[in-house]
Amino acid sequence: MPEVLSCKCRINPNWDLKIAFWDAFGASRFVSNNVRQKVRQARIHNKIIDKNCPESKDEKIRINRSFYNDCLRELKHEHPFLYEIDSTALQESTQRLQRAYKCYDKRLSGEPRIKTLKNPVQSFTLKNVNNSIR
8 MPEVLSCKCR INPNWDLKIA FWDAFGASRF VSNNVRQKVR QARIHNKIID
58 KNCPESKDEK IRINRSFYND CLRELKHEHP FLYEIDSTAL QESTQRLQRA
108 YKCYDKRLSG EPRIKTLKNP VQSFTLKNVN NSIR
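Laid out in structure tokens, this is it:
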């Protein structure tokens with residue numbers, strides 16, 4: 008029997024769960040915007056190095072999965088409220104940002120935009136690790 012890969016559901020949460028969801032929405036948006044800013048700074052840094060001295064590849068910042076993980080780790084150290092949110096939700100927001108920049112580099116889409124509170128659809132993704140979601 009095939010396994011369910013994802014599930015999209017609508018729930019009617021109580022007050023405590025609403026607060027937890029809004030915290031997760033805000034933290035996911037906060038992480039996405041701050042990591043996006045660090046990625047943009049790194050990309051600008053790499054362009055400046057390419058213009059000035061294209062032969063020096065050691066000074067370029069590698070923007071790969073470990074760069075995104077390091078940015079998330081730094082944000083968690085700077086802002087302790089991120090420890091209260093499920094870590095898989097924050098990791099998923101950085102993974103989405105990485106996929107968006109890959110599409111941008113391949114010219115499939117525009118540059119990723121800032122996530123705002125004005126957007127009527129707020130979302131975050133949780134991963135079900137060891138049946139943690141019930």
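Just so you know, this note's numbering puts 98 at position 91 of the sequence shown, and the rest follows in order with no gaps.
Positions of the beta carbon are idealized from the N, C-alpha and C atoms, including for glycine.
For clarity, every value in this text was computed on a predicted model and none was experimentally measured.
Q.
Just to confirm the assignment, what range does the alpha helix (DSSP H) spanning Ser39 have?
A. 22-59
Q: State the Cα-Cα distance for the pair Val42 and Asn21, rounded to the nearest angstrom.
A: Roughly 31 Å between the two C-alpha positions.
Q. Quick one: Cα of Asn53 to Cα of Asp23, how far?
A. 45 Å
Q.
Suppose the cutoff is 6 Å on Cβ atoms and the five residues either side in sequence are ignored; what does the same chain contact list for Lys134 look like?
A. Thr95
Q.
Measuring only the C-alpha atoms, how far is Ile18 from Lys25?
A. 10 Å
Q) Does the count of Cβ pairs from the stretch 117-126 and the stretch 78-92 closer than 8 Å reach three? A) No contact exists between the stretch 117-126 and the stretch 78-92.
**Q.** Sequence-distant residues of the same chain with beta carbon closer than 7 Å to Asn40, five excluded per side
**A.** Ile121, Lys122
Q) Ile70 and Val46 look like a contact to me (Cβ under 8 Å); what is the Cβ gap, rounded to whole Å? A) 6 Å
Q. How is the alpha helix (DSSP H) around Asp112 delimited, first residue to last?
A. For Asp112, the uninterrupted alpha helix (DSSP H) segment begins and ends at 94-112.
Q | Reduced DSSP category for Ser130 - H, G, I as helix; E, B as strand; rest coil | A | coil
Q) Going by Cα to Cα distance, which pick from Phe28, Glu66, Leu104 is closest to Val128? A) Phe28
Q.
Can you check which of these residues, Ser116, Ala107, Cys16, is closest to Ser130 by C-alpha distance?
A. Cys16
Q.
Out of Ala34, Cys14, Asn138, Asn137, which one is the CA nearest neighbour of Lys83?
A. Ala34
**Q.** Best match in Ser13, Tyr111, Arg36 for proximity to Ser100 [C-alpha to C-alpha]
**A.** Arg36
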